[in-house]
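Worksheet for the structure shown next.
There are 2 protein chains.
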Amino acid sequence: MEFSSKLLEKAVYEMSQLPGIGKRTALRLVLHLLKQPKERTRFLSQALLSLREDIQFCQSCHTISDTALCEICSNEKRDKALICVVEDIRDVMAIENTGQFRGTYHVLGGKISPIDGVGPSQLTISSLVSKVRSGGIRELIFALSSTMEGDTTNFYIYRQLQDADIITSAIARGISVGDELEYADEVTLGRSILHRVPFENSLKNK
Amino acid sequence: MEFSSKLLEKAVYEMSQLPGIGKRTALRLVLHLLKQPKERTRFLSQALLSLREDIQFCQSCHTISDTALCEICSNEKRDKALICVVEDIRDVMAIENTGQFRGTYHVLGGKISPIDGVGPSQLTISSLVSKVRSGGIRELIFALSSTMEGDTTNFYIYRQLQDADIITSAIARGISVGDELEYADEVTLGRSILHRVPFENSLKNK
């Protein structure tokens with residue numbers, strides 16, 4: 000792409016550094032901003048800058064939070080002995096949305112992935128391990144995505160805590176509610192048969 | 000979506016104001032920035048801000064330019080008497096890419112679209128009309144997209160300049176080079192038959 004303006008070229012370049020945003024999309028977005036009032040660009044830039052500068056993470060669960068202890072960790076009604084281990088804040092939001100979970104979270108900040116240069120030390124695993132070791136934790140629920148990286152991360156944490164006196168569980172995998180069996184992949188279908196639940200239990204939350 | 004952080008919520012909101020960026024994508028982009036070094040966010044914000052603040056448009060053709068007269072308009076080798084009328088800078092870049100056009104451009108900045116509240120006065124039509132009226136223009140090539148809005152805009156300009164002593168033309172519509180006839184829409188195929196060209200001409204630029 001040949002640009003008639005260095006300013007435009009720079010803005011498009013920076014925009015196209017975002018994941019999933021190619022040069023063409025970046026140009027479209029930047030041209031859109033140019034057509035909007037200047038405030039729009041100012042608001043966007045300032046919101047991004049102040050997020051990046053002033054971002055805080057909950058001291059306990061490491062989710063993004065404006066306070067030292069996030070709303071969930073500081074909520075007395077939440078079960079602190081039950082911790083759901085997730086990758087990032089999107090998973091927290093997704094699970095919170097279900098309204099089914101009254102425990103707390105631990106946000107790892109990613110998954111172990113040697114290919115992307117992410118080792119255990121870049122994640123909040125040691126914080127989780129010391130939280131468990133300091134006592135008062137009853138159960139860890141692993142809720143990472145079931146990819147190779149997710150499984151590796153789960154297993155790494157599991158090994159670190161093998162001698163700890165806690166229950167470890169993983170979220171159930173199976174056919175989505177409302178999905179047709181014939182379109183399900185065989186791994187998921189296989190697991191859903193292997194980990195079948197008593198029929199009376201399957202009637203809950205319908 | 001429920002956010003645990005106002006800073007995050009604001010950044011996601013501002014990001015999701017961009018066209019084609021929903022709340023989920025915005026969250027993904029913002030979380031990506033959080034994982035990157037702070038400079039990334041600073042560079043992006045500054046590039047957008049300085050583009051929006053310091054943007055200039057060519058005094059002659061109204062394309063985005065860092066100089067008062069853009070590179071094309073100030074190039075002595077370009078034919079100033081031949082003007083290609085386009086919607087925005089992306090069209091200029093696309094046509095420049097072909098290497099087939101040695102004239103100049105006129106960037107309208109949009110199309111007449113009452114539904115979007117865009118009237119002739121928001122576009123650079125009057126500047127085009129006075130450019131033609133001040134003389135020295137031989138031909139206008141309409142290269143807007145062939146939508147209702149594009150056709151309306153073409154026709155509006157055509158009417159304004161009906162009495163001017165210039166040639167007006169429109170870019171050829173037809174089957175794309177390499178495309179199969181059977182998959183072409185009938186309007187395009189119809190036009191490509193109606194506006195057929197002498198066979199010898201069709202051999203050029205192959």
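Top to bottom, those sequences are chains A and B. With numbering that gives the first Met the number 0 as the guide, the letters of the first sequence map in order to residues 0 to 205. With numbering that gives the first Met the number 0 as the guide, the letters of the second sequence map in order to residues 0 to 205. Where is the CB? At the ideal position from N, CA and C, for every residue including glycine.
By the Cβ neighbour-count rule, B:Ser64 is buried, with 16 or more other Cβ atoms within 10 Å of its own. Judged by DSSP secondary structure, B:Ile111 falls outside any beta strand (DSSP E); it is assigned neither H nor E. As DSSP reads the structure, B:Ile140 sits in a beta bridge with B:Cys83 and B:Ser168. Taking a Cβ-Cβ threshold of 8 Å, the residues of chain A close to B:Met0 are Met92, in chain order.
The three-state reading of DSSP puts A:His61 in coil, since its state is none of H, G, I, E or B.
Taking C-alpha positions only, A:Asp115 is separated from B:Thr152 by approximately 50 Å. At a C-beta separation below 8 Å, A:Thr62 has these neighbours in chain B: Ser3.
For B:Glu75, the nearest beta carbon of chain A is not closer than 8 Å to its own beta carbon. Under the three-state reduction of DSSP, B:His194 is assigned to coil, being neither helix nor strand. Under the Cβ criterion of 8 Å, A:Pro113 is not counted among the residues facing chain B. The Cβ atoms of A:Ile140 and A:Ser175 do not sit closer than 8 Å to each other.
Listed in chain order, the non-local C-beta contacts of B:Gln121 below 8 Å within the same chain comprise Gly108 and Gly109, local neighbours out to five positions each way being set aside.
Contact between the segment 73-80 of chain A and the segment 37-53 of chain A is absent, with fewer than three C-beta pairs closer than 8 Å. Residue-level contact check: A:Cys69 touches chain B, since one or more beta carbons of chain B fall below 8 Å from its beta carbon.
Residue contact check for B:Thr97 against chain A: no CB pair falls below 8 Å.
Cβ-Cβ distances below 8 Å link A:Arg77 to Ile71, Arg101, Gly102 and Thr103 in the same chain, with the five nearest sequence neighbours on each side left out; the list follows chain order.
Counting only Cβ-Cβ distances below 7 Å, A:Ala10 has contacts in chain B at Ala46, Leu47 and Leu50, in chain order.
Here the alpha carbons of B:Leu50 and B:Cys57 stand approximately 15 Å from one another.
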